[in-house]
Structure formats: C-alpha cells, structure tokens
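K.L.:
Pasting a structure here, questions to come.
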Amino acid sequence: MNYLKRYFEALKFYLANHLFMNFMPYFIRHAYLRKVCGFYIGKDSSVAMGCFVTGNNITIGDNTVINRFTYLDGRAGVTIGNNVNVSHYTLIQSLTHDPQNRDFVCLVQPVTIENHAWIGARVTIMPGVTIGEGAVIGAGSVVTKNIPPYSIAVGNPAKVIKERSRDLVYRSKYFPFFDTDIQ
Numbered sequence: 248m249n250y251l252k253r254y255f256e257a258l259k260f261y262l263a264n265h266l267f268m269n270f271m272p273y274f275i276r277h278a279y280l281r282k283v284c285g286f287y288i289g290k291d292s293s294v295a296m297g298c299f300v301t302g303n304n305i306t307i308g309d310n311t312v313i314n315r316f317t318y319l320d321g322r323a324g325v326t327i328g329n330n331v332n333v334s335h336y337t338l339i340q341s342l343t344h345d346p347q348n349r350d351f352v353c354l355v356q357p358v359t360i361e362n363h364a365w366i367g368a369r370v371t372i373m374p375g376v377t378i379g380e381g382a383v384i385g386a387g388s389v390v391t392k393n394i395p396p397y398s399i400a401v402g403n404p405a406k407v408i409k410e411r412s413r414d415l416v417y418r419s420k421y422f423p424f425f426d427t428d429i430q
C-alpha cells in the first residue's frame with residue numbers, strides 16, 4: 248500500500264509539472280495546485296507557466312508573483328507573504344542533505360519569504376532561511392542565512408549591502424499571457 252500511495256503522490260506532481268504548469272491557463276493551473284496539490288494561493292497572486300513544484304506544504308499570499316521557471320520545494324514547507332515578487336529561475340529549497348553525515352540524512356527546514364520581499368532572477372534560497380519583510384535579494388545570489396527586514400542582500404553567500412525604503416505601498420499583479428511578459 249505504501250508503494251501505491253507514493254506512486255499516486257508522484258503522479259499528482261508529475262501532472263502538475265508536465266501538464267498543468269506548462270499548458271494550462273491561470274485559472275486551471277491555480278485550481279489544480281489548490282485542489283489537488285493542497286497549496287494555498289492568495290487573491291490576485293500568479294504562479295506562472297514553467298514553474299516546478301513539489302511537496303504539499305506551499306502557501307502563497309495575496310498579490311504575489313511567482314515567475315517562470317521557479318522551483319518551489321514544499322516538502323518541508325514554503326511560506327510566501329503578500330506582495331512578493333519572485334523572479335525567473337529562482338530555486339527555493341526546503342530540503343537538503345547533511346554532507347557530514349555518513350548516512351547522508353535529509354535536513355528538512357521550511358523557508359519563509361515575508362511581505363513585500365523581492366527575489367531577483369536566478370536566486371537560490373536554502374532550507375531554513377527567512378527573508379524579512381521588504382528585503383531585496385539581488386540576481387544570482389545564494390541565500391544561506393536569514394536576511395533582515397528591509398535589507399538589500401547580494402552575492403554568494405548573500406550579504407546585506409544596504410537598507411531598502413520602508414515606505415512600500417505597491418500591490419503586485421502580474422498575469423502575462425502564456426509564457427511571455429505580455430499582459
């Protein structure tokens with residue numbers, strides 16, 4: 248029975264990643280992610296075509312944009328707040344392995360991205376990280392430690408280089424047609 252349960256769990260995400268994430272319009276894609284995969288996706292949020300999802304424990308707030316080719320690893324949990332912008336090719340990992348452990352055990356730690364954060368293109372966010380409210384992560388950065396609220400961090404590993412304005416009032420709303428940037 249355990250084999251069948253794992254098989255159908257894998258099939259659910261196979262269909263999500265190879266059918267629904269690549270060929271379906273937003274309302275069908277989001278319905279599948281909500282109803283079948285168990286995600287919470289807030290009002291006016293968008294999960295773009297070409298994203299790869301795994302694990303049932305993903306929460307996305309209101310007015311949040313998850314752009315194309317983002318990897319969302321919800322096996323240990325990913326919580327993304329309101330008005331967050333996650334750019335193309337971002338990797339959000341909630342599970343890794345302990346390289347020092349002789350049995351190569353899994354390290355399972357949730358990721359949190361708080362309200363009004365902006366994640367640049369090709370960022371990697373490692374398990375257990377919290378990105379604070381209003382923080383900006385520069386393109387290509389690797390985030391291995393928590394980033395304080397309203398900080399701008401860049402590099403590998405990401406380091407805070409300056410503060411961001413705290414006067415943020417924008418609401419993200421981005422629903423491009425197909426896998427383009429045309430709205």
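In the numbering used here, each residue carries its 1-based index in the sequence shown increased by 247. Heads up, the beta-carbon is just placed ideally off N, CA and C, and yes, glycines get one too. Owing to the predicted nature of the structure, the values given are computational and were not obtained by experimental measurement.
Taking 8 angstroms as the threshold (C-beta atoms), are L415 and G381 in contact?
P.N.:
The answer is yes: Cβ separation under 8 angstroms.
K.L.:
For the segment 281-317, which segments carrying the beta strand (DSSP E) assignment without a break, of at least 3 residues, lie completely within its bounds, in sequence order?
P.N.:
Runs found: 299-301, 305-307.
K.L.:
Quick one: grab the DSSP three-state call for A323.
P.N.:
If DSSP states are grouped into helix, strand and coil, A323 belongs with coil.
K.L.:
Under 8 angstroms by Cβ, that's how I've got V312 and N264 pegged, so tell me the actual separation to the nearest angstrom.
P.N.:
The pair is not a contact, with the Cβ atoms about 19 angstroms apart (cut-off 8 angstroms).
K.L.:
CA-CA distance, I366 and K290?
P.N.:
The alpha-carbon atoms of I366 and K290 are separated by roughly 20 angstroms.
K.L.:
Which of the three DSSP states, helix, strand or coil, is assigned to L262?
P.N.:
Helix at L262.
K.L.:
What's the call for A257, buried or exposed, on a 16-neighbour Cβ count within 10 Å?
P.N.:
It counts as exposed.
K.L.:
Can you check which of these residues, I394, S419, F422, is closest to K409 by C-alpha distance?
P.N.:
That would be I394, whose Cα lies nearest to the Cα of K409.
K.L.:
Run the CB neighbour count on A405, radius 10 Å, all protein chains shown included, and call it buried at 16 or more, exposed below.
P.N.:
Buried.
K.L.:
Would you say R369 and G387 are within 8 angstroms of each other, going by their C-beta atoms?
P.N.:
Yes, Cβ-Cβ distance for R369 and G387 is below 8 angstroms.
K.L.:
Helix, strand or coil for L251 per DSSP?
P.N.:
Helix at L251.
K.L.:
Would a C-beta distance cut-off of 8 angstroms place T306 and L338 closer than the cut-off?
P.N.:
Cβ atoms of T306 and L338: not closer than 8 angstroms.
K.L.:
For Y336 and R253, what's the separation of their Cα atoms in angstroms?
P.N.:
If I take the Cα positions, the gap works out to 28 angstroms.
K.L.:
Going by DSSP in three states, H363 sits in which element: helix, strand or coil?
P.N.:
Here H363 sits in coil by DSSP.
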